[in-house]
Each structure stands twice: as structure tokens, then as C-alpha cells.
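Undergrad:
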Ligand SMILES: [Zn+2]
């Protein structure tokens, strides 16, 4: 199994520990279950984050300096050394590795590497040459998110706040005046029939520019965007919005003259800064027109224009009036154009009209078409006329590059892409996903969505560390493309160290290591003799590597963070599905949520980041491990706090205390186990079952709860029942040792250091980590003992309540268990209810028994009560009680008498209803029922 290798551009904090701790628990758990589990680790140097961080440090960015100084306590003199990206990487790599060792991650460090190791680069070259040979690398012209400063495409790892740029396409419909065009950006070209006016921002600066062969009016901000999308733009002059307002332009479809109005909500950097207004079908426009009319009510100049501007209805949808925009404004009770509800109203109408809308009679040849169809048709018509263009936008703008520059969309020509849109490749990826275990299962839908949605993705950059594209040395393979098949490299990396011939031979000039080496060791292609000859590597070593690869691969479980589902983890599936044969496809993915600090997101500004190594030093390794596991299951965000870490520290301390008390000397239990002993072992067996089931699905929170907490309730009950230490006759020492020993084995994956300490304190040899995970033993499950203890506890609670309610300090407590005939009726009632016998028939049958008939009314009354109880009982309970038959209640209570005596500090009597010589001054015995003895206090 593998976990995402860290990116060493800062130290790790508590939040990073979650993924690795879950991975380590998984590795340790499986080792104890007998698997030879490989858990390796490397370091990801490639890409822009290291470059950007070192640069910010060089430039004296106060935020970075403060973070490094105040949060991570890095001395100023050390910071000086971090200004070079490679030095920074190796400094933080050391720090991260120390943290991983200190917290006890069971990593095979022989396989450690970095992604700028020359042999890793050679491996990535092989990876890309193979993709290229399969036709999955394309060269083409596509829109990409782009940093104009770096002149490089940007992806999620290149942006501040790790934002995945989201590219969308909108239409520019060209309105016109005297041969000059006003391109307006819209997602709904079919609404051009309903345009009443255009909006421009009254405070923005516009330009008149020659765009390709035409004159356009656009916002100043639009110029750069168009230039990046293959338009030739020459600005003639700047224009203030005033110059545009209150004039008219021509609608290219209807030919109508349309006025230009001021709209302060228009963003000059969104679209072209010129917007068409469709108040009949766009809630924003509807509201803005109302606001504008109110504002200019008394204006002589604007008044007449505005008076004449009225919404136009062009789409019909069932359940709405002529003006759906108005309906929704009323539904959401929108107050003015700044009301956030406008967004909801817009979304709802957009989707309703697209799916159910039909174009009205006033839309000419489009009349009667569905909105979806009309949209396509109008785009075609406008394209023929040359009145429409497309514009790509970042839908989630602003997206800011790590260098601090705002990103935009660039149409990149002749750039290299990985073609995730290839239909055959998509099929393979889906096939792979369908066979995988995904934990938590609910994120499978996200994977399916991503696999479908992914298209060509730019795979190279001009900045950062990394491997050059083997066939185009101007480009560096970017960080989310060179990190998707490195799991296979862990097998090779062990042989790429100085003791091995592969390293000695090729370290100096890795280009001499032929593809045949990778094809043979990883894909099994070629015969070993030929490959040995071609590579000069001995056959024995080639075969060893190949065997080891086949032994460990595929990766059974990949651990990562949930936010990587939409990129890294999906790429991981894609690349493995095409590179490797099906039997070596990944088997499973575990994705976990974030760690919150005291319930809040960790952030530099909140100063609530605890560096991992400081956390370990303060709370100890195990409390940090358990702390990031204890409060949430995989999919959810978990919350860490000092109070939590301290309470876990105390919990582990208590267990260590128990171990000290038990000591190393083993006592041989001589006596036959009591019901109570059997109960304790049965509870232990149940806990083993529950913890195993939980860890099989990596429900770590549940496992922590069972192993570290719940079992203590049982141990406490066991001790309470036994009371103060008795002579040698009891088995307490042996049973408690057994419990703690089993528990320690279950603790070992979660809190390995504490587990080892306990293991040795209770006198075991060797390491608990080398022991087996406990097996549940069916024969040790004892439902009878469990039900007997349940009864004793229940009666204890009932008695305590009576004592409380009556405020009596009892001198004597008498328990009366039910008479044999009641048990006979009770069991019959359970069976009758199970067979759904009618109540009347049941009573008739009971009273048919001469013995019961002789008891008269009391038997009939009890039979009625018993059948009612049996009918209302949960199925499972009824079945288990039928199976249990008649428990020896009198014996159970007689054995528990000394316990009750200690609890209530008085004499205890136990009788069975109807016993000769029974003392029953208040006639309580007749109220006894099976599982509910009558209680008498005096
Ligand atoms: Zn940049």
C-alpha cells in the first residue's frame, strides 16, 4: 500500500498526519493479519510550489517569513539557506522524514527517492514515451489556464490556495452601431430575442479596438483576454462609459434599436464588460431595471428612454407567468440587485427554461422550438452571419498563480496534452474503477464523474523542477503528470541505490538505461537473455526485480486526501489502466477528509497550526496518532484539539497503569471459570469481532472507540462484580491479563509505542508488533453468560431505583424469581408469538394443561400478559430467549448475592416463588416474572 508522497515546501503539521496515520494503521493491521505489507515513501520535488515558495522567501514576503519564524520556529539563519529551491526541498524533506520516524510510521525507507533523482526522470521518460506510443499524448490547440507572468499553463498545484482552474465557454453576440460592434458575453444566446437594452459599468474604462478585422467596443480588461485567445487586438483609444450610455445599438437578430444603460453590477473583467439585458427571463436584469427606473424617475434625459423599456416575454414554461424572472424574484423575496438570493433565482430559472422551456411566437422561425434546440440553431445562424464568437473564461476566477499573477485562459498552440478524452482509455479507466474498493464508498460517484468529465489536459510547463519531455526539451512534465505511476517505482528504487549494479552503471548517464529495462521489469516484455545483453545488467538481478514487482504489485490500497479525487487519484486510475495489464491494476483507494483545529479550518491567519514534530514533542506520538483518528470516520473532517490529545494521553496512561498493576508475573488460574469469567471472555470476543470488522473497512474511529474505551466499561463491571481481592480461588489475574494482552494486540496498529510498553510490562517476550491480530473464537462466545450478567445488571439498576425512590436504607433485600410454571407459560408464549398464534388460541391451549388449569385465574392472567409481552418483543430477542430456554435464575442470583450485599450493604435473600419456607411478608413473590424477579426491601 502507498500514501501520497509529501511535497517538501514547508514542514508538516498535524493536518498532514491524518492520511499517513490511517495508512500506517492499515499497514500494521494487515501485517498482524499475516500479510507481507510494503509501505514505502518518497518525496515530490517536481513542479512550481517549491520554486514559488523559495522565490517568496527571496523576495522577503512577510507572510512566509512570519509563518516560518512564528509557527514553525525556523531560525533566521536557516531561512537564508532555504532561498534556493533544492536546498529548501532537502531541508524540509529531512524535517518531514524525522517527523514520520518520530510518530512511528512503519515505512520501508530503503525505497525512499525524490522526483528529481536522475533515474526517476529516466522512469518518467519511459512512462511518457509509452503513453506517446499508445497515442495518448496529443499535440494541439486547446484552451488552458495560464499564468501570463510565467508564460506557462497552470493547474491546481500551481495556484494559490490550490484552486483547480475551471474553464468555461461563453458566447459573444455582436450588437452594432455605425459599423462598430458591441460584443456581449452570454451563456444563453437564444434570449437575444428578449433583449431590451445593454448594460455597461458606468465607472469602467472601455476601449475602441481593432479586433482581427473589426472595430469592437470592449472593457479595457478584455483586451488581454482576447489576445490570449488568438485574436489580434489593436487599441485605437480609451472610452469612458459616459460616452456609451443612453445611445442605441442594433440587435443583430431582431434589428431593433436597443439603448445602453448603466449597470454598476457589470464586472469589467467578466466577459467583455458589455452585457445584454433580458429582464423577462433573467432575474438580475429584471431587478436592475426596476432599480434604474426608480433612480432616474425624475431625469429629463434618461426618463423617456426608461419609460419605453419594458420586458419582453419570449419563452413559455408551464407553471410560470409571462415573466418567469418576476415570478422567481417574488418567490425568493429579492429586495434589490445586491440581494444574494438573485443567484438562486437565476440558477433555478436557467435550468427550468433550458429543460422545459419552449420559444414563443415572437421568435420568428424559432417559434415552438425547445430552448435547448433553439440555442443550437441560433448559434448556427449567428455564426453564418459572423455575428457571434466564443470566449473562454475561468469560471472560478479569480485564480491566482503561486507567483502572484492573476491567471486567465490562453489558447495554446502545439502544446502537449495527455488525452484523457480518448474513449477507449475512458473505458479502461471505468473498468478499473468498477473493480476497485473505494473507501468511503460514497465518493465513487465523484470518481465516475471525473473519469467522464476529463478531457485533454496540458501536461508540461516552462517553470519548475522536473523531467523534460523526452521528445521536446523545451517543456518540463508537470507535477500532476509525473506523480501517477510512481508506486511501481518503489520496486525499482531499492535497486537504484549505491550497492546495486543498476545504479553504479547508469547513475552518471541515465540516458544509457534503455527502455527495455522498464519494459522487462515492469511489463514482463522481452526475454531475460536479450534484456540482459541490451542493458548489461546481470540476468539474476533483472529476474529478481521482475519477481519482486510481480510479488508486490498491484497496489492494494492507495491512501490520499479526498480533495485529490478529481485530479491525482483519477489520473492514477487512468495511467495504470493503460500502462499495466489488468491483474496489476490498483485494487483500492482510501480518501480522507481534512483535520480541523479546535473545530476551525487550520490557517496561518488564525495561528492555529500545530507543526507535527512540535505536536509529537508535546503530546507524544501515540496521542497525536489516536487524536487524528478518534473523532471522525474517513469521509468526514475530523477535529483535533489540545484537550483531545491530553485526554488520549490520560487514557493511554491508564492502560499503562493497568499493566503495571498486573505485573510481569503470570498467575495460574486454578479454579473453573465462573459465569462472570465466561462473560468477560465473551465480551472480549465480541470486541475482537467488532474491531476486526471496523478495521477491515478502515472505520478507524469505531476501532479506537472499541479498543481504547468500550472494553473498559466491561473490565470495570467485571472488577465491580468481583469486589475487593479474594483469596487465590478467583481467576481475576488470569482473565484480566488475557483481556489486556488481547487488547494490546488490537492497540498495536493504533498506538504502537504504548502497546509495546504494555506488552513488555505484562511480561511478554519480543514485540507485540510481531504478534498476530487476535482471532475471535466462536467457542468463547457465551450468550448464556451474557444474558445472566445482563439480568444481574438490570436487577441492580432496578433495586437502586427503588432505594432512591423510597429513600429507604435497606436492612435486607429479597429477590423472588419466577415459579417454574411461569417459565413454562413464558416459553410457550414466545414460541406462540413466533408462530403468530392468536392470543385466544394460546390461552385456550395453556388452560388445557391440567396443572395450569388447577392454578385458575392467576395462570390465565399470567398467560395473557406473557403472550402480550412476547408479541411486542423484537424478533431477535425472542429467538435468543427461546434458544436460552430456562436460565438457572435462582442460581444466578444466589451467586450474585455477595455482590448485591456489597452494593447495598445489607443482607440479601434469594427465593424462588412457591419455595417451601419462603419468607414473603408483603406477598411480593407472586409478582415475579421470568427475567424480572420481584424485589422486596425492608
Ligand atoms: Zn505565475
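Residue numbers (the working numbering): 38 to 975. Idealized CB from N, CA, C, for every residue including glycine.
(1) Closer than 6 angstroms from C-beta to any heavy atom of ligand 1: which residues, in chain order?
(2) Measure the CB-CB distance between residue 516 and residue 452 and report whether it falls below 9 angstroms.
(3) Between which two residues does the alpha helix (DSSP H) carrying residue 688 extend?
(4) State whether the region 313-323 contacts the region 357-368, with contact taken as three or more CB pairs (one from each stretch) at a distance under 8 angstroms.
(5) To the nearest angstrom, report how far apart residue 328 and residue 377 are at their CA atoms.
(6) Start and end of the alpha helix (DSSP H) containing residue 542?
(7) Buried or exposed for residue 819, going by 16 or more other Cβ atoms inside 10 Å?
(8) How many angstroms separate the CA atom of residue 434 from the CA atom of residue 197?
(9) Assign residue 234 to one of two classes, buried (16 or more other C-beta atoms within 10 Å of its C-beta) or exposed (fewer than that).
(10) I'd like to know if the region 961-974 and the region 847-867 are in contact, where contact means that at least 3 CB-CB pairs between them fall below 8 angstroms.
(11) Just the C-alpha distance for residue 847 and residue 940, rounded to the nearest angstrom, thanks.
(12) Classify residue 508 as helix, strand or coil using the three-state DSSP reduction.
(13) Going by DSSP, what residue range makes up the alpha helix (DSSP H) through residue 843?
(14) Quick one: grab the DSSP three-state call for residue 469.
(15) Taking the alpha carbon of residue 667 as the reference point, which residue from 722, 263, 419 and 55 has its own alpha carbon closest?
(16) Which full runs of the beta strand (DSSP E) of 3+ residues lie inside the region 432-486, going along the chain?
(17) Between which two residues does the alpha helix (DSSP H) containing residue 392 stretch?
(18) Does the beta-carbon distance from residue 689 to residue 776 come in below 9 angstroms?
(19) If you draw a straight line from the C-alpha of residue 295 to the C-alpha of residue 287, how long is it?
(20) Out of 867, 896 and 958, which one is the CA nearest neighbour of residue 923?
(21) Three or more C-beta pairs under 8 angstroms: does that hold for the region 647-663 against the region 750-764?
(22) Just list the beta strand (DSSP E) runs in the region 226-251, keeping only unbroken ones of 3 residues or longer that don't cross its boundaries, in chain order.
(23) What would DSSP say about residue 165, mapped onto helix, strand or coil?
(24) Can you list, in chain order, the stretches of the alpha helix (DSSP H) that have 4 or more residues and sit fully within the region 908-950?
(25) Do the region 335-354 and the region 398-410 make contact, defined as three or more Cβ pairs closer than 8 angstroms?
(26) I want to know whether the region 244-251 touches the region 265-277 - three or more CB-CB distances under 8 angstroms.
(27) Reducing DSSP to helix, strand and coil, say where residue 76 ends up.
(28) Along the beta strand (DSSP E) that carries residue 179, what are the first and last residues, could you check?
(29) Just how far apart, CA to CA, sit residue 700 and residue 792?
(30) From the DSSP output, in three-state form, read off residue 219 for me.
(31) Check for me: the beta strand (DSSP E) holding residue 209 runs from which residue to which?
(32) Is it true that the CB of residue 149 sits closer than 9 angstroms to the CB of residue 43?
(33) At which residues does the beta strand (DSSP E) containing residue 493 begin and terminate?
(34) Taking all protein chains shown into account, do 16 or more other C-beta atoms lie within 10 angstroms of the C-beta of residue 804, making it buried, or fewer, making it exposed?
(35) Taking DSSP's pairing of strands, which residues face residue 633 in a bridge?
(36) Could you name the residues of the same chain whose beta carbon sits closer than 7 angstroms to that of residue 389, not counting the 5 residues immediately before and after it, in chain order?
TA: Taking the structure as given:
(1) Qualifying residues, in the order they occur: 184, 186, 187, 438, 440 and 442.
(2) Position 479 of the chain shown, counting from 1, holds the residue named residue 516. Position 415 of the chain shown, counting from 1, holds the residue named residue 452. No, Cβ-Cβ distance for residue 516 and residue 452 is not below 9 angstroms.
(3) Residue mapping note: residue 688 aligns to position 651 of the chain shown, counting from 1. Segment 679-699, the alpha helix (DSSP H) holding residue 688.
(4) At 8 angstroms Cβ cutoff, the stretches touch.
(5) Start at 1 with the first residue of the chain shown, and residue 328 comes out as number 291. Start at 1 with the first residue of the chain shown, and residue 377 comes out as number 340. Counting only the Cα atoms, residue 377 lies some 16 angstroms from residue 328.
(6) For the purposes of this step, residue 542 is identified with residue 505 of the chain shown, where counting begins at 1. Where residue 542 is concerned, the enclosing alpha helix (DSSP H) stretches over 538-543.
(7) Position 782 of the chain shown, counted from the start, is the residue given in the question as residue 819. By the 10 Å Cβ count, residue 819 comes out buried.
(8) Translated into the one-based positions of the chain shown, residue 434 becomes position 397. Translated into the one-based positions of the chain shown, residue 197 becomes position 160. So the alpha carbons of these two residues sit roughly 12 angstroms apart.
(9) Translated into the one-based positions of the chain shown, residue 234 becomes position 197. Buried is the call here.
(10) Yes: the two stretches touch, three or more of their Cβ pairs being nearer than 8 angstroms.
(11) Taking the first residue of the chain shown as position 1, residue 847 is located at position 810. Taking the first residue of the chain shown as position 1, residue 940 is located at position 903. Cα to Cα, the separation comes out at about 11 angstroms.
(12) Counting from one through the chain shown, the residue named residue 508 turns up at place 471. When DSSP states are grouped into helix, strand and coil, residue 508 belongs to the coil group.
(13) The sequence position of residue 843 within the chain shown is 806, counting from 1. Where residue 843 is concerned, the enclosing alpha helix (DSSP H) stretches over 820-843.
(14) One-based indexing of the chain shown puts residue 469 at position 432. Looking at residue 469 - three-state DSSP - the assignment turns out to be helix.
(15) As a working note, residue 667 is residue 630 in the chain shown. The shortest Cα separation from residue 667 among 722, 263, 419 and 55 belongs to 55.
(16) Counting only runs of 3 or more, we get 445-456 and 474-476.
(17) In the chain shown, counting from the first residue as 1, residue 392 sits at position 355. 378-393 is the extent of the alpha helix (DSSP H) around residue 392.
(18) In the chain shown, residue 689 corresponds to position 652, counting from 1. In the chain shown, residue 776 corresponds to position 739, counting from 1. If you check the CB distance, residue 689 and residue 776 do not come in under 9 angstroms.
(19) Position 258 of the chain shown, counting from 1, holds the residue named residue 295. Position 250 of the chain shown, counting from 1, holds the residue named residue 287. A straight line joining the alpha-carbon of residue 295 with that of residue 287 spans about 6 angstroms.
(20) Within the chain shown, the letter at position 886 stands for residue 923. Ranking 867, 896 and 958 by CA distance to the CA of residue 923 puts 867 first.
(21) Judged by Cβ distances under 8 angstroms, the region 647-663 makes no contact with the region 750-764, as fewer than three pairs qualify.
(22) Listed in chain order, the complete beta strand (DSSP E) runs (minimum 3 residues) inside the region 226-251 are 234-237 and 242-248.
(23) In the chain shown, the residue the question calls residue 165 occupies position 128. In this structure, residue 165 counts as helix in the three-state DSSP scheme.
(24) For the region 908-950, whole alpha helix (DSSP H) runs of length 4 or above, ordered along the chain, are 912-921 and 926-941.
(25) The region 335-354 makes contact with the region 398-410: 3 or more CB pairs, one atom from each, lie closer than 8 angstroms.
(26) In the pairwise beta carbon analysis, the region 244-251 is classified as touching the region 265-277: at least three pairs are separated by under 8 angstroms.
(27) Counting from one through the chain shown, the residue named residue 76 turns up at place 39. Residue 76: coil per DSSP, three-state reduction.
(28) Counting from one through the chain shown, the residue named residue 179 turns up at place 142. Counting along the chain, the unbroken beta strand (DSSP E) around residue 179 starts and ends at 174-184.
(29) Taking the first residue of the chain shown as 1, we reach residue 700 at position 663. Taking the first residue of the chain shown as 1, we reach residue 792 at position 755. Taken atom to atom, the span from the alpha-carbon of residue 700 to that of residue 792 is near 15 angstroms.
(30) Here residue 219 is taken as the residue at index 182 of the chain shown, counted from 1. Looking at residue 219 - three-state DSSP - the assignment turns out to be strand.
(31) Taking the first residue of the chain shown as position 1, residue 209 is located at position 172. Note, residue 209: beta strand (DSSP E), 204-214.
(32) Position 6 of the chain shown, counted from the first residue, corresponds to residue 43. Position 112 of the chain shown, counted from the first residue, corresponds to residue 149. Against a cut-off of 9 angstroms, the Cβ pair of residue 149 and residue 43 comes out as no contact.
(33) Counted from its first residue, the chain shown places residue 493 at position 456. Residues 493-495.
(34) As a working note, residue 804 is residue 767 in the chain shown. Of the other Cβ atoms in all chains shown, fewer than 16 fall within 10 Å of the Cβ of residue 804; this residue is therefore exposed.
(35) Here residue 633 refers to the residue found at position 596 of the chain shown. Within the DSSP secondary-structure output, residue 633 pairs in a beta bridge with 638 and 676.
(36) Taking the first residue of the chain shown as 1, we reach residue 389 at position 352. The beta carbon of residue 389 is closer than 7 angstroms to those of 354 in its chain, skipping five residues each way along the sequence.
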